[in-house]
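**Student:** With the first letter of the sequence shown counted as 1, position 6 gets the number 6 in full-length UniProt numbering; the numbers rise by one all the way through. Glycine residues also receive a C-beta, built at the ideal position from the N, C-alpha and C atoms.
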Amino acid sequence: YNDNLEQDYHATITVDQVATCKEMLISGVGVTILPEIMMKNISKEQFEFEKVEIDNEPLIRSTFMSYDPSMLQLPQVDSFVNLMTSFVEEPKA
Numbered sequence: 001y002n003d004n005l006e007q008d009y010h011a012t013i014t015v016d017q018v019a020t021c022k023e024m025l026i027s028g029v030g031v032t033i034l035p036e037i038m039m040k041n042i043s044k045e046q047f048e049f050e051k052v053e054i055d056n057e058p059l060i061r062s063t064f065m066s067y068d069p070s071m072l073q074l075p076q077v078d079s080f081v082n083l084m085t086s087f088v089e090e091p092k093a
């Protein structure tokens with residue numbers, strides 16, 4: 001925030017739900033960083049939208065797949081897990 005807007009910002013409220021962050025923004029309470037999917041139905045006329053970069057790299061959130069390994073016995077679960085892992089990039093070292 002400080003790097004992009006050249007002003008200090010001191011958070012006084014911290015929340016752990018993106019839906020709460022979105023509603024607080026819409027209600028005029030502060031600023032937030034939201035995943036793109038949560039930005040639907042937010043007025044582009046009322047708010048500024050800017051992709052967030054840190055050190056010239058886009059801010060990307062991690063997404064995790066979780067499953068019970070015993071469920072891999074089911075062909076549809078095994079196929080889904082294989083499909084998903086075929087698209088996953090290995091973490092950067």
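Tell me whether I54 sits in a helix, a strand or coil according to DSSP, three-state version.
**Tutor:** Residue state, collapsed to three classes: strand.
**Student:** Return the chain-ordered list of same chain residues with a C-beta closer than 8 angstroms to the C-beta of F47, the five sequence neighbours on each side being excluded.
**Tutor:** Closer than 8 angstroms at Cβ, skipping near neighbours: L25.
**Student:** Does DSSP put E45 in a helix, a strand or coil?
**Tutor:** Coil.
**Student:** What are the boundary residues of the alpha helix (DSSP H) that includes L25?
**Tutor:** Where L25 is concerned, the enclosing alpha helix (DSSP H) stretches over 18-26.
**Student:** Compare the Cα-Cα distances from H10 to each of T32, A19, R61, L83 and report the closest residue.
**Tutor:** Nearest of T32, A19, R61, L83 to H10, Cα basis: T32.
**Student:** I need the boundaries of the alpha helix (DSSP H) containing P75, first residue and last residue.
**Tutor:** 75-86 is the span of the alpha helix (DSSP H), which, as asked, contains P75.
**Student:** In whole angstroms, what is the alpha-carbon distance linking K44 and D16?
**Tutor:** For K44 and D16, the distance between alpha carbons rounds to 24 angstroms.
**Student:** Give the single residue among E23, P75, V18, I42 whose Cα lies nearest to the Cα of P35.
**Tutor:** Looking at the Cα atoms, V18 is the closest of the given residues.
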